[in-house]
Amino acid sequence: MQPLPPNEQDSRKIVTNITENAAVHPVNHQQPPPDYTDIDLDSNINRDESTTAPTTPTNGLREMSSPVVHPSLLASQTSFPAPPIEPEDLDSINNYGQQVVDQIMFKWDIADWSSIPDRLHSPEFTCGGCRWKILLFPRGNKQPEHVSAFLESVDAAERSEDKPEWHCCVSFGIRLANTENNSNCTKNTVSQNRYTPRQTDWGFNMLFKTHLLSRLHNGQPILEHDRLSIIVSMKVLKDEYGTLWHDFIHWDSRKETGYVGIRNQGATCYLNSLLQSLYFTNYFRKATYLIPTDNDDPQKSVPYAMQRLFYNMQFAPEAASTTELTKSFGWDTTDAFYQHDVQELNRVLQDNLESKMKGTFAEGAIRKLFTGKMKSYIKCVDVDFESSRIEDFYDIQLNVKGCKNLRDSFVEYCTVETMDGVNKYFAEGYGLQDARKGVIFHHFPPVLHLQLKRFEYDMERDSLVKINDRHEFPLTIDLDEFLEEPDSAVKQRYHLHGVLVHSGELHAGHYQAFIRPEKDGKWFKYDDDRVFPVSERDVLEENYGTEAVKPLQEGGIPPKFTGQFRNKPTFTNAYMLVYIREHDLEEILGPITEHDIPDHLRRRVEEERLAAERRKRDKEEAHLYCNVCLITEDDMRHHEGYDLCSFDEKNPSSMHIFRIRKADTFAQFKSMVSDELRVPVEQLRLWNVVSRQNKTVRPDTPLQSTSDELTMEVVRSKVAKGVADLRFYAEAVYFMPYSTITPPPQLLLFIKYYDPIAPKLEFLSSITVRNKNHKISEIIPELLALKHLPPLTPILLYEEIKVGMVDSIKPNLTFSQAEIGDGDIICFQRDFQGEEITQVPDAQLLTAPGYYELLANRIIVTFKPKSKDMPNKGEFELVLSRKMLYDAVTDKIAKLLDLDPFKIRLWGSNHSHSMVTKGPIRRTTTTTLAEMLNITPYTLQAQQIIYYEMLDVSILEFETKRYIKVFYVDAKLIEKGRFDMLMLKTSKVGDVLEGVASRIGMPVAEAKTKLRLFDSSNSRVTKVYENDEPISVLLDSFPLIVEEICEDELNRTAADKLVSVCHFFKDIYRGHGIPFQFILKPGEMFSQTKKRLQARSSLNDRDFGKVVFYFITERTQSTPIEDDDILHDRPIGPNDLIGMDHPDKTARIRYGAEKSIKILN
């Protein structure tokens, strides 16, 4: 039931209490579970009238997923007797493991109950040095037929301004009682609250039903003679760490703790927790700063991105971001939503940084910090022989299941296994011998990363499950006993430095880190962007895992919760532990000073910080300013394409941007432009640039001098109403306009020149036509002079109207007749005739309209590598035409990348997910780029992406050949590799087998007799292909497997039968493993057949002993196979098979997403 606010304007947050058979207690995120003694056990109240506390409001508190029901409330369904009610006292008020500052029981006697107002306060009382009142709604607060009561802080409301950080933590209970006999009372309904100036009261909206007040209760009503009492039992608790029941709404981690968190990009909490651990391993941070990164790009250099992240974590006031770091990993947006394993990430990241440290002052730092050595050995008991191997480790994976604590895990890790009986060890020179096999540590590193194995494969469930068992770990641990030769000079005593915690289950969880940054300092919890102090109990007890549920006491009553034991399972527990050796603590945790930080890093980050502050300030003051975009003829010369410029935010032209106050005058703005362009104000004329209905942008009208005294805000309202930015064209006027009263109509035109030989379109200049009634031919000499062409050069004239519309102009018309106006664009070119035409490289671009058409079809395409794991040249962009054909596109790519165009294959993009399409783009002589990009007239403007693949062979071969992928397994059914084969389309299956044979070192002549090809579906043999079948019959939808034929089958007799064998678990449709062909011999009982099956399947005795065998017919009917069955005697159909039912222990099951972690830079 959701809480309802009291009848006040401040919308009070409350806890409701409902008469149901359950009690739901508010639980803080650092709180223990509810105390069962708080539940009313009065058996005289029936089920519909019993009392329940509601779910907790959401101001920083967590809501329980289900109510807690006391067994005695279900008396009608159980034989447990309900104990008589006893008076409640202060012992029933939970202190939640906190120190009690003060406590009190306050009783408020109320007479004339029926006539009191709907809302009233109790007399004031004090507790813990603070003043308190009871706020009462006798007829309910928006809840008729209920009594509502709240505990209100008088001080909280008064300190809202002078001390906004003031707070007081209180655990309390409220009950109604008979005034004369306080033992006759309602249940002590309990709650807790952090009182602040924003949260001044807390209580119960439905404390008790009003119609029950007069009902006899143990022979006496609570409301008697129109009188009753309200009793408050309360404890003021010491908030030692300042976070008790905190809502963290205005929590400033840097201010409160001196540290900051890291923002979560989506599902990167696992990354954040690891980075916090590495950051507070100060020696590691220093080593990271030593890597040279002076000219690195933070989105491409992992070390530089790490340095920037660490710098921001040390100095920034707010939570740091990992966006640059994940981009430097080569991850895209989708990677941020994959939750990975912390240990795997730690290994991959350390490997990457270690490679970057080579040849620098930081070389060897990671090995020094994290690398230890362990010895794996087998030592014979009766002879002097030992086989051993010493290898490095970066972390240690320790079992949780079956181990009570960390020491038990180490003991289990180093347990010695005896090899005797059938498992004797073959010692070279001594034969089979009894031996002992084990692991012992050679030396431990200064920083010890311990991976607690919280996830394991459950054979019964056939899935990976999380182990929530309780597993204790100490603040200090001595590991000398686990060393082969303890060093007396350096004790292996380790101090707990960090605890990485996983909350949740296998496929849904959250990572947090508990870290003690200083040797003897406080513990802090790092929960993404939030950091706050915690107690040692929060670090240890809260993260040990689930404790066994305590049994019910006599009478079915659960044991009283004391704060030391849990009554329910927890899914929050330690997953990775970081210990630092006592001998190395000073060196590992030494302070990081500014001298340890590279100068270029500090300088670049500081510059970016100042720029960010300017942007923030500009944003805050944006309402006082307006932006003006100013274009000049120089800007137009840099623009290539339609129109004079582009105001598109994604691809703007070069232009002058002014930020000017709205209150400044237009004259002040003109003065700024004059200074910028170095043109006298009197020679400066500004034209308003408008967007025409045909979607072109052109200068329209000049602004007159009468506008000089207007403010920029007024000017915008007159010439650019509804447009965010003003847009002007600056014209330098070097002549005086006509002085006559009625000057002839003039025109401002813009001239472009097209050169079909280049081919190139360029802006030349603007010209002023003195009279629009003049003929167009009159400006031809001026046009020729602009391009320095001979006076009588024949030219063609065009008007650029809009995208896709370029019309020819007749010179004998007047400007008025040709409907040419201010801001229009005239394009001219030489008129090529005769042999001159041969100078033009592309006949389609002989005239300007052809080139304009090319511009209209121009498109920017982003090319990305199909797979970052394969050879590639990175990401790049090309400006292409929509009408380009496949080969023309690959030619452009080949020239840019210096590749053979026929060794490039293109793949489409799924625009909705930015993913590669399943199949490549088909290469044809008619496929255009627009078709490759799936562009239609209705396609929205978006980033156009094509993926490319670099081939080892020419794509022309793909047209005559077929790409086939096969998996090769040897006679023991061990997968030896995947082969990608390019076969002629006329090839046969035997050719595929010969190709595989050549790759595995088998004589090609033996391929067709010792190898076979079959396809598999659901881990079953679907079809075995004959050697002479064409490869056109092979299906791409099923895995193709080339199997080495075993000796049994090579030596088969005519009487032997061949049958397929498959693996599955519990359900015949849940196949796994590699299927195979198997020989059935005449007269052989299945007890003997099983021995050959075990040899064929390579299962050990233990696993093979758990296999259940079935004979599966074509209709999927399965029949168990008995040891005395002779399978050879059964009719074997082409689709009949032997099924082996057992778990798939070879499956590589990953936690979370199936995507492995890779750092690509």
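Residue numbers are given in our numbering: position 842 of the sequence shown equals residue 936, and the series is strictly consecutive. We treat Cβ as the ideally placed atom computed from N, Cα and C, and that holds for glycine.
Could you tell me if Ile1049 is buried or exposed, where buried requires 16 or more neighbouring beta carbons within 10 angstroms of its beta carbon? For the purposes of this step, residue 1049 is taken as residue 955 along the sequence shown, with counting starting at 1. So Ile1049 counts as buried.
Find out if the Cβ-Cβ distance for the pair Lys467, Glu485 is shorter than 8 Å. Along the sequence shown, one-based indexing puts residue 467 at 373. Along the sequence shown, one-based indexing puts residue 485 at 391. Yes.
Under the rule that 16 or more other beta-carbon atoms within 10 Å means buried, what is Ser65, buried or exposed? The structure shown does not extend to residue 65, since the chain is modelled only from 95 to 1255, so the question has no answer here.
Fully enclosed by the segment 514-552, which beta strand (DSSP E) runs are 3 residues long or longer? Listed in chain order, they are 519-521, 525-527, 529-537, 541-547, 549-552.
Top-ranked residue by Cα proximity to Glu929, from Phe922, Ile919, Leu940: What you label residue 929 is simply residue 835 of the sequence shown in a count that begins at 1. Comparing Cα-Cα distances from Glu929 to each of Phe922, Ile919, Leu940, the minimum goes to Leu940.
Once DSSP output is grouped into helix, strand and coil, what is the label at Gln606? Working through the sequence shown from its first residue, we reach residue 606 at position 512. Strand, per DSSP.
Any 3 or more C-beta pairs closer than 8 Å across the segment 576-586 and the segment 509-517: No, they do not touch.
Can you grab the Cα-Cα spacing for the pair Lys303 / Lys227, in whole Å? One-based indexing of the sequence shown puts residue 303 at position 209. One-based indexing of the sequence shown puts residue 227 at position 133. One alpha carbon belongs to Lys303, the other to Lys227, and they sit about 22 Å apart.
What residue range does the beta strand (DSSP E) around Pro959 cover? By 1-based counting over the sequence shown, the position of residue 959 is 865. Element bounds for Pro959: 952-959.
Distance check for Tyr377 and Glu676, CA to CA, integer angstroms please. Within the sequence shown, residue 676 is the residue found at index 582, counting from 1. Within the sequence shown, residue 377 is the residue found at index 283, counting from 1. Their backbone Cα atoms lie some 15 Å apart in a straight line.
Go ahead and label Glu246 buried or exposed: buried means 16 or more other beta carbons lie within 10 angstroms of its beta carbon, across all protein chains shown. Here residue 246 corresponds to residue number 152 of the sequence shown, with the count starting at 1. Burial of Glu246 is indicated by the presence of at least 16 other C-beta atoms within 10 angstroms of its C-beta.
State buried or exposed for Pro1237, treating a residue as buried only when at least 16 other CB atoms are found within 10 Å of its CB. The residue labelled residue 1237 in the question sits at position 1143 within the sequence shown. Classification for Pro1237: buried.
Contacts around Asn473, its chain only, beta-carbon distance under 7 Å, and the 5 residues preceding and following it disregarded: For the purposes of this step, residue 473 is identified with residue 379 of the sequence shown, where counting begins at 1. First, the residue type needs correcting, since residue 473 is Lys and not Asn in the sequence shown. Setting aside the 5 residues that flank it on each side, Lys473 is surrounded in the same chain by Glu480, Ala529, Arg530, each with a C-beta closer than 7 Å to its C-beta; the list follows chain order.
C-alpha distance - Ile609 paired with Glu575, whole-angstrom precision: Walking along the sequence shown from the start, residue 609 turns up at place 515. Walking along the sequence shown from the start, residue 575 turns up at place 481. Looking at the two C-alpha atoms, the distance is approximately 27 Å.
Secondary structure, beta strand (DSSP E): runs of 3+ residues fully inside the segment 237-314: Taken in chain order, the complete beta strand (DSSP E) segments of 3 or more residues contained in the segment 237-314 are 240-247, 262-271, 283-289, 295-303.
Identify the residues that DSSP records as bridge partners of Gln393: which are they? Locating residue 393 in the sequence shown gives position 299, where the first residue counts as 1. In the DSSP secondary-structure assignment, Gln393 is not bridged to any residue.
Counting pairs of beta carbons, one from the segment 780-795 and one from the segment 915-925, are three or more of them closer than 8 Å? With a cut-off of 8 Å, the segment 915-925 and the segment 780-795 count as touching, because enough Cβ pairs lie within range.
Extent of the continuous alpha helix (DSSP H) run through Ser422: Walking along the sequence shown from the start, residue 422 turns up at place 328. Counting along the chain, the alpha helix (DSSP H) containing Ser422 begins and ends at 417-422.
Exposed unless 16 or more other CB atoms sit within 10 angstroms - verdict on Tyr524: As a first step, residue 524 must be located in the sequence shown, where it is residue number 430. Exposed, since its Cβ has fewer than 16 Cβ neighbours within 10 Å.
Among Ala243, Thr1021, Ala399, Arg233, which has the Cα closest to the Cα of His305? Here the question's residue 305 lines up with position 211 in the sequence shown. Looking at the Cα atoms, Arg233 is the closest of the given residues.
Burial state of Gly355 (16 or more Cβ within 10 Å): Translated into positions along the sequence shown, residue 355 becomes position 261. Buried is the call here.
Closest to Asp1064 by CA distance: which of Ser1192, Met1044, Leu991, Cys723 is it? To locate residue 1064, count along the sequence shown from 1; it is residue 970. With distances taken between Cα atoms, Asp1064 lies closest to Ser1192.
Beta-carbon contacts of Lys1059 that lie in its chain and below 6 Å, excluding the five residues immediately before and after: Working through the sequence shown from its first residue, we reach residue 1059 at position 965. Excluding sequence positions up to five before and after Lys1059, its CB lies within less than 6 Å of the CB of Asp1074, all in the same chain and listed in chain order.
Figure out for me which residue from Gln1211, Phe857, Lys896 has the closest Cα to the Cα of Arg786. Indexing the sequence shown from 1 puts residue 786 at position 692. Ranking Gln1211, Phe857, Lys896 by Cα distance to Arg786 puts Lys896 first.
Quick check on DSSP: helix, strand or coil for Pro935? Here residue 935 corresponds to residue number 841 of the sequence shown, with the count starting at 1. Reduced to three states, the DSSP call for Pro935 is coil.
Segment contact, 8 Å Cβ cut-off, at least three pairs: the segment 818-827 with the segment 718-727: Three or more Cβ pairs closer than 8 Å define a contact, and the segment 818-827 meets that threshold against the segment 718-727.
Where Ala1149 sits in the DSSP three-state scheme: Counting from 1 along the sequence shown, the entry for residue 1149 is found at position 1055. Here Ala1149 sits in coil by DSSP.
Identify which residue in Asn299, Glu612, Ser597 has its Cα closest to the Cα of Tyr605. As a position in the sequence shown, residue 605 is number 511, starting the count at 1. Closest option to Tyr605, Cα to Cα, is Ser597.
Whose C-beta lies closer than 7 Å to the C-beta of Ile1039 among residues of the same chain, with five residues either side of it excluded? Translated into the one-based positions of the sequence shown, residue 1039 becomes position 945. The answer, listed in chain order, is Thr956, Lys958, Ser1003, Ser1008.
Which whole runs of the alpha helix (DSSP H) in the segment 479-516 are 4 residues long or more, in chain order? Secondary structure remark: continuous alpha helix (DSSP H) runs of at least 4 residues inside the segment 479-516, in chain order: 500-507.
Tell me whether the beta-carbon of Arg792 lies closer than 8 Å to the beta-carbon of Leu858. Within the sequence shown, the letter at position 698 stands for residue 792. Within the sequence shown, the letter at position 764 stands for residue 858. No, they are not a contact pair.
Mapping the DSSP letters down to three states, classify Thr375 as helix, strand or coil. Working through the sequence shown from its first residue, we reach residue 375 at position 281. Looking at Thr375 - three-state DSSP - the assignment turns out to be coil, as it is neither helix nor strand.
Does the beta-carbon distance from Tyr1062 to Ile1094 come in below 8 Å? As a working note, residue 1062 is residue 968 in the sequence shown. As a working note, residue 1094 is residue 1000 in the sequence shown. Yes, the Cβ-Cβ distance between Tyr1062 and Ile1094 is below 8 Å.
Check the C-beta distance from Leu526 over to Leu671 and give it rounded, since I have them as a contact under 8 Å. Along the sequence shown, one-based indexing puts residue 526 at 432. Along the sequence shown, one-based indexing puts residue 671 at 577. Their Cβ separation, rounded to whole angstroms, is 41 Å, which puts Leu526 and Leu671 out of contact at 8 Å.
When you compare only the Cα positions, how much space is there between Ser1154 and Glu1088? Here residue 1154 refers to the residue found at position 1060 when the sequence shown is read from its first residue. Here residue 1088 refers to the residue found at position 994 when the sequence shown is read from its first residue. Cα to Cα, Ser1154 sits roughly 24 Å from Glu1088.
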